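Presented below is the structure to which this report refers.
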Amino acid sequence: MPHHFRRLRVVPIVAGIALLAAGFGRASAASVPSSDRDSAGPERATVGWVTTRMGGPDPTEVRDAAGTLLAELTDGARTVTLAGPARSWTEAGSATGIGTDRWVRLLPTSYDGIFDAADAAWVAAALGDRSPDILAVAFQYVSGAPSLSQAGLAIAGDARYGVAAGADFNDFLGVAWTYGSRIDAPEPAELRSLDCSGFVRMVLGYRFGMRMSIGASAGALPRRASDQLASGPGRLMVANSGHRLTSYDNLRAGDLVFFDASTVDGPAIDHVGIYVGRDAQGLHRFISSRRMADGPTVGDVGGASVLDGFGYWALAFRAVRRP
Numbered sequence: 017m018p019h020h021f022r023r024l025r026v027v028p029i030v031a032g033i034a035l036l037a038a039g040f041g042r043a044s045a046a047s048v049p050s051s052d053r054d055s056a057g058p059e060r061a062t063v064g065w066v067t068t069r070m071g072g073p074d075p076t077e078v079r080d081a082a083g084t085l086l087a088e089l090t091d092g093a094r095t096v097t098l099a100g101p102a103r104s105w106t107e108a109g110s111a112t113g114i115g116t117d118r119w120v121r122l123l124p125t126s127y128d129g130i131f132d133a134a135d136a137a138w139v140a141a142a143l144g145d146r147s148p149d150i151l152a153v154a155f156q157y158v159s160g161a162p163s164l165s166q167a168g169l170a171i172a173g174d175a176r177y178g179v180a181a182g183a184d185f186n187d188f189l190g191v192a193w194t195y196g197s198r199i200d201a202p203e204p205a206e207l208r209s210l211d212c213s214g215f216v217r218m219v220l221g222y223r224f225g226m227r228m229s230i231g232a233s234a235g236a237l238p239r240r241a242s243d244q245l246a247s248g249p250g251r252l253m254v255a256n257s258g259h260r261l262t263s264y265d266n267l268r269a270g271d272l273v274f275f276d277a278s279t280v281d282g283p284a285i286d287h288v289g290i291y292v293g294r295d296a297q298g299l300h301r302f303i304s305s306r307r308m309a310d311g312p313t314v315g316d317v318g319g320a321s322v323l324d325g326f327g328y329w330a331l332a333f334r335a336v337r338r339p
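Numbering (our numbering), first residue to last: 17 to 339.
Shown next as structure tokens:
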């Protein structure tokens with residue numbers, strides 16, 4: 017799609033990744049486990065990389081000397097979309113799948129709009145990282161997903177929605193979680209269950225380390241979908257105007273998408289999902305945990321999981337935040 021950009025900046029990076037990694041605090045090739053590293057990835061030279069700082073809400077683009085898009089970073093957000101091998105996912109009982117060559121990872125801190133040598137080192141390492149990214153982890157909770165344990169604790173696997181809205185990440189885990197002086201005990205009836213905002217907190221918070229809170233707290237990922245939109249981490253890409261969104265140009269994989277899905281609570285945000293990209297039909301698809309699907313799904317039970325057209329979720333689509 018065409019972009020109108022304010023300025024073009026060629027980053028004078030003339031060293032290999034080994035030099036870039038030295039002395040910078042964000043990341044280096046050494047931070048990527050060798051078992052999950054593309055042998056050609058973190059060591060690739062950053063000579064000739066060009067960054068284009070786009071106007072408005074568009075991200076900073078990082079391209080190599082041949083013009084290939086390597087990464088996109090957004091001011092005020094930690095999520096970065098990266099080029100990588102194409103992958104696809106499916107879920108049991110659904111004919112719908114998703115495939116993409118975009119990978120999504122978190123910067124250690126929000127991008128400040130200046131692509132410096134530390135950012136270049138981080139991007140170079142991330143381009144070679146083949147450990148599960150945000151999209152892959154999200155699909156570890158769909159129907160039919162195998163159980164995954166860490167230190168004897170089941171941290172992933174086929175998740176239910178739960179007996180009622182209220183299944184947070186620690187309910188799935190069956191562990192208590194501490195927020196300052198408050199201890200949130202797990203609900204036994206919600207074991208291996210995740211509601212919509214609990215699913216987002218599981219992926220971004222528990223699995224990828226974003227700070228979490230119960231209520232609204234600056235820079236933290238709160239419990240409720242409405243608070244995740246209003247005060248969650250990252251950049252608000254599209255505010256809730258009270259009307260459905262029909263423009264998708266600025267969506268990037270990993271964005272949080274918000275919905276006014278219920279008519280009983282007025283014009284309030286009451287559902288959240290994670291945008292995963294375009295499907296085989298070119299439709300913009302998201303993954304979320306829903307009651308009618310009994311858990312996280314990218315399928316079409318209880319309404320097609322697409323933002324286009326005139327389906328249930330498309331009509332309820334209201335806002336976008338980039339964590």
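Positions of the beta carbon are idealized from the N, C-alpha and C atoms, including for glycine. Note that the coordinates shown come from a computational prediction; the quantities given were computed from them, not determined experimentally.
Inclusion of P202 and V191 in the CB contact set at 8 angstroms is warranted, their separation being smaller than that value. Short of 7 angstroms from the beta carbon of S209, and not among the five residues preceding or following it, lie these beta carbons of its own chain, in chain order: A175, R176, Y177, G178, A183, D187, F188. Under DSSP, M228 takes part in a beta bridge, and its partners are L237. Apart from the 5 residues on each side of it in sequence, Y264 sits with its Cβ closer than 7 angstroms to the Cβ of H300, L323 in its chain, given in chain order.
Annotation for A87: the continuous beta strand (DSSP E) segment containing it runs 85 to 89. Here the stretch 69 to 78 does not lie against the stretch 119 to 126, with fewer than 3 beta-carbon pairs under 8 angstroms apart. One alpha carbon belongs to V314, the other to S165, and they sit about 23 angstroms apart. For P312, the three-state secondary structure derived from DSSP is strand. Here D271 is not near R334, since their CB atoms are 8 angstroms or more apart. Under the Cβ criterion (8 angstroms, minimum of three pairs), the stretch 154 to 168 counts as touching the stretch 99 to 109. Assignment of W65 by DSSP, reduced to helix, strand and coil, places it in the coil class.
The beta carbon of A93 sits closer than 7 angstroms to the beta carbons of S126, Y127, G250, R251, R338, P339 from its chain, once the five residues preceding and following it are set aside; these are given in chain order. When secondary structure is reduced to three states using DSSP, R251 falls in the strand class.
Under the three-state reduction of DSSP output, S213 falls in the helix class. Taking C-beta atoms as the reference points, V96 and A154 fail to come closer than 8 angstroms. The residue from T279, G129, L98, T112 with its alpha-carbon nearest to that of T90 is G129.
Per the coordinates, the alpha-carbon of I114 lies some 11 angstroms from the alpha-carbon of A152.
Assignment of I114 by DSSP, reduced to helix, strand and coil, places it in the strand class. In the structure shown, the three-state DSSP call for S242 is helix. C-alpha of A81 to C-alpha of W65: approximately 6 angstroms in a straight line.
In terms of Cα proximity to T76, the closest of D117, S242, D132 is D132.
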